[in-house]
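Undergrad:
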Amino acid sequence: MIPTCILGLRSSFLNRSRLLVAGLVRYQSSSIPLVQSSATALARQLNAKIKSTGPITVADYMKEVLVNPTAGYYPTQESIGAKGDFITSPELCQIFGEMIAIWILNEWQKVGSPKPMQLVELGPGKGTLISDILRVFKHFDQLKEVSVHLIELSQKLREAQAKLLCSEANLGKDDAQQLNITSGFAQVECPIFWHHHLSEVPNDAFTCVIAHEFFDALPVHKLKKTEQGWREILVDIDPNSPDISFRYVLSREPTPMSQLYKPEEGDKRTELEICPSAGALLQNLADRFTEDGGFLLLADYGHNGEKGDTFRGFSNHQLHDPLLNPGSADLTADVDFNYLSRCLKSKALTFGPVTQEKFLKSLGIEVRLNLLLQNEKLSAEHKKNLKSGVEMMINPQEMGKRFKFFSIFPEILADHLKKFPVLGFD
Ligand SMILES: C[S@@+](CC[C@H](N)C(=O)[O-])C[C@H]1O[C@@H](n2cnc3c(N)ncnc32)[C@H](O)[C@@H]1O
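Each residue of the sequence shown is one higher than the one before, counting from 1024 in this note's numbering.
(1) Helix or strand or just coil, what does DSSP make of residue 1352?
(2) Runs of 3 residues minimum, wholly inside the segment 1311 to 1379: which ones carry the beta strand (DSSP E) assignment?
(3) Among 1368, 1373, 1338, 1397, which has the Cα closest to the Cα of residue 1089?
(4) Which residues bound the beta strand (DSSP E) around residue 1167?
(5) Can you grab the Cα-Cα spacing for the pair residue 1283 / residue 1086, in whole Å?
(6) Under a Cβ-count criterion, where at least 16 other Cβ atoms within 10 Å of its own Cβ denotes burial, should residue 1289 be classed as buried or exposed?
(7) Per DSSP, what are the beta-bridge partners of residue 1109 in this structure?
(8) Taking all protein chains shown into account, decide if residue 1383 is buried (16 or more other Cβ within 10 angstroms of its Cβ) or exposed.
(9) I'd like to know whether the C-beta atoms of residue 1156 and residue 1221 end up nearer to each other than 8 Å.
(10) Under the three-state reduction of DSSP, which class applies to residue 1063: helix, strand or coil?
(11) Once DSSP output is grouped into helix, strand and coil, what is the label at residue 1414?
(12) Which residues does DSSP list as the beta-bridge partners of residue 1143?
(13) Could you tell me the alpha carbon to alpha carbon distance between residue 1416 and residue 1120, rounded to whole angstroms?
(14) Is there contact between the segment 1433 to 1449 and the segment 1373 to 1392, where contact requires at least three CB pairs shorter than 8 Å?
(15) Check residue 1444 in the structure and name its three-state DSSP category.
(16) Quick check: what's the CA-CA separation for residue 1126 versus residue 1437?
(17) Which of the three DSSP states, helix, strand or coil, is assigned to residue 1119?
(18) Go ahead and label residue 1106 buried or exposed: buried means 16 or more other beta carbons lie within 10 angstroms of its beta carbon, across all protein chains shown.
(19) Determine the extent of the alpha helix (DSSP H) in which residue 1086 is found, giving its start and end residues.
(20) Measuring straight from C-alpha to C-alpha, what distance separates residue 1332 and residue 1356?
(21) Would you tell me roughly how many angstroms separate the C-alpha atoms of residue 1066 and residue 1315, rounded to the nearest one?
(22) So does the segment 1390 to 1399 actually touch the segment 1429 to 1436, counting three or more Cβ pairs closer than 8 Å?
(23) Using beta-carbon positions only, say whether residue 1209 and residue 1171 come within less than 8 Å of one another.
(24) Using the three-state DSSP reduction, which class does residue 1220 fall into: helix, strand or coil?
(25) Okay, do the segment 1286 to 1301 and the segment 1340 to 1354 touch, 3+ Cβ pairs below 8 Å being the bar?
(26) With the cut-off set at 8 Å, would you say residue 1366 and residue 1420 are in Cβ contact?
(27) Using the DSSP secondary-structure output, state which residues sit across from residue 1246 in a beta bridge.
In structure tokens, the structure reads:
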């Protein structure tokens, strides 16, 4: 277990000093001096792309940096854990996954435990959360007729997930050799499938979806209010740098995103981040839940429509200029829960966001911790780590307040959920 004090969360954000240079509509990306390093493979690809097509949106930049199959961050770097760039709650201690499992079982039983049940995780990272959930499911004898579907683009992470979840004998040898892992049989006795996209998960079955620190990795567009109206912030090549480097520029003309965006009445922000792929994904899920039944639990750090500039990078547990050495560091932006709720209006019931502290406490995380602390089989070191892991997750000064839980259910359950409120959100 890793001492939590040295690990970086992805939730504090860079205080960038952005200066609008009059006339040039140029942004200075950061007060961090750019290191003159040899350009990353991805920097060379982006440089060529911008040279041929002109400045790109921050969303296009973020998507390329994170998931480009040959040079992107998740497919090539050691991202999560002490040796990586950041740590997440499931990696801190097993109790997090156990709480999520209890929540799923509770909500599933409330609607009559429909079978078969597809358990989908978006962006499973190292596979720790789903592994902890399946262990609890097994304990409750709930694995019959459950299939697991992992949505993951990174082959590197697919391999890590398969290694944790499947014994070697249960994973097609050819699949493993080709690094094209598509299915296996989990050590806890249920079939497990890998997909690139949610649309590949079969329809016609009840589906429970979990997403932990996934939505913050989806690409955001950045908009700025000017005297001429909303304009989009773009990424361009910095012509003043001897090495390949990038800078922000403000589009002179409206872009499709700046034209599409309609601010809510009373919204005083002058800078915004919008994640249309998150809205579209949730709308798709809402349709699926209405047709075949299901629900989603989303956990991430985010706000309720009051923040405007949260795009940031992480490297080696430290904040990192997002434009520096693309592909070498993680990029992230806070989830705008107000925007997600608006996308789901009259499509699904939404619950939350509630803080991680409130959610985990109402599920009984402290009771579970105390039970484990009384277990004589556990070492003193293990107990110490469990205690510090839970403390980090629920302490409002750490992850307790910044991390939020959000959930969606089909509208048909409105009356039922009034009588039997969704656990953690009442
Ligand atoms: C920040 S990590 C979170 C990992 C894990 N859920 C956890 O909490 O430890 C983001 C995960 O989402 C995956 N990912 C990012 N963008 C994705 C996309 N567009 N489609 C599928 N997976 C994606 C990454 O490869 C990684 O597994």
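By construction, the Cβ of each residue, glycine as well, lies at the ideal position given by its N, Cα and C atoms.
TA: Reading it off the structure:
(1) Start at 1 with the first residue of the sequence shown, and residue 1352 comes out as number 329. Looking at residue 1352 - three-state DSSP - the assignment turns out to be coil, as it is neither helix nor strand.
(2) 1317 to 1326, 1335 to 1338, 1341 to 1343, 1353 to 1355, 1372 to 1378
(3) Counting from 1 along the sequence shown, the entry for residue 1089 is found at position 66. Checked all of 1368, 1373, 1338, 1397; the closest Cα to residue 1089 is 1338.
(4) The residue given as residue 1167 occupies position 144 in the sequence shown. Run containing residue 1167: none; DSSP gives neither H nor E here.
(5) One-based indexing of the sequence shown puts residue 1283 at position 260. One-based indexing of the sequence shown puts residue 1086 at position 63. Computed Cα separation, rounded: 20 Å.
(6) Residue mapping note: residue 1289 aligns to position 266 of the sequence shown, counting from 1. So residue 1289 counts as exposed.
(7) Locating residue 1109 in the sequence shown gives position 86, where the first residue counts as 1. According to DSSP, residue 1109 bridges with 1103.
(8) Looking up residue 1383 in the sequence shown gives position 360. Looking at its Cβ environment, which holds 16 or more other Cβ atoms inside 10 Å, residue 1383 is buried.
(9) Locating residue 1156 in the sequence shown gives position 133, where the first residue counts as 1. Locating residue 1221 in the sequence shown gives position 198, where the first residue counts as 1. For residue 1156 and residue 1221, no; Cβs fall outside 8 Å.
(10) Against the sequence shown, residue 1063 aligns to sequence position 40. Here residue 1063 sits in coil by DSSP.
(11) As a first step, residue 1414 is located in the sequence shown; it is residue number 391 there, counting from the start. It is helical.
(12) Counting from 1 along the sequence shown, the entry for residue 1143 is found at position 120. 1172, 1232, per the DSSP bridge assignment.
(13) One-based indexing of the sequence shown puts residue 1416 at position 393. One-based indexing of the sequence shown puts residue 1120 at position 97. Roughly 12 Å separates the two Cα atoms.
(14) yes
(15) Translated into positions along the sequence shown, residue 1444 becomes position 421. Coil.
(16) If you number the sequence shown from 1, residue 1126 lands on position 103. If you number the sequence shown from 1, residue 1437 lands on position 414. Roughly 18 Å separates the two Cα atoms.
(17) Looking up residue 1119 in the sequence shown gives position 96. Helix.
(18) The residue labelled residue 1106 in the question sits at position 83 within the sequence shown. Exposed.
(19) Working through the sequence shown from its first residue, we reach residue 1086 at position 63. Where residue 1086 is concerned, the enclosing alpha helix (DSSP H) stretches over 1081 to 1090.
(20) For the purposes of this step, residue 1332 is taken as the residue at position 309 of the sequence shown. For the purposes of this step, residue 1356 is taken as the residue at position 333 of the sequence shown. Each residue's Cα considered, the two are about 8 Å apart.
(21) Numbered from 1 along the sequence shown, position 43 holds the residue referred to as residue 1066. Numbered from 1 along the sequence shown, position 292 holds the residue referred to as residue 1315. Distance between the alpha carbons of residue 1066 and residue 1315: 44 Å.
(22) no
(23) Walking along the sequence shown from the start, residue 1209 turns up at place 186. Walking along the sequence shown from the start, residue 1171 turns up at place 148. Yes, these two residues count as a Cβ contact at 8 Å.
(24) Numbered from 1 along the sequence shown, position 197 holds the residue referred to as residue 1220. The answer is coil: DSSP assigns residue 1220 none of H, G, I, E or B.
(25) no
(26) Reading the sequence shown from its first residue, position 343 is the one you call residue 1366. Reading the sequence shown from its first residue, position 397 is the one you call residue 1420. No.
(27) Indexing the sequence shown from 1 puts residue 1246 at position 223. 1255, 1295, per the DSSP bridge assignment.
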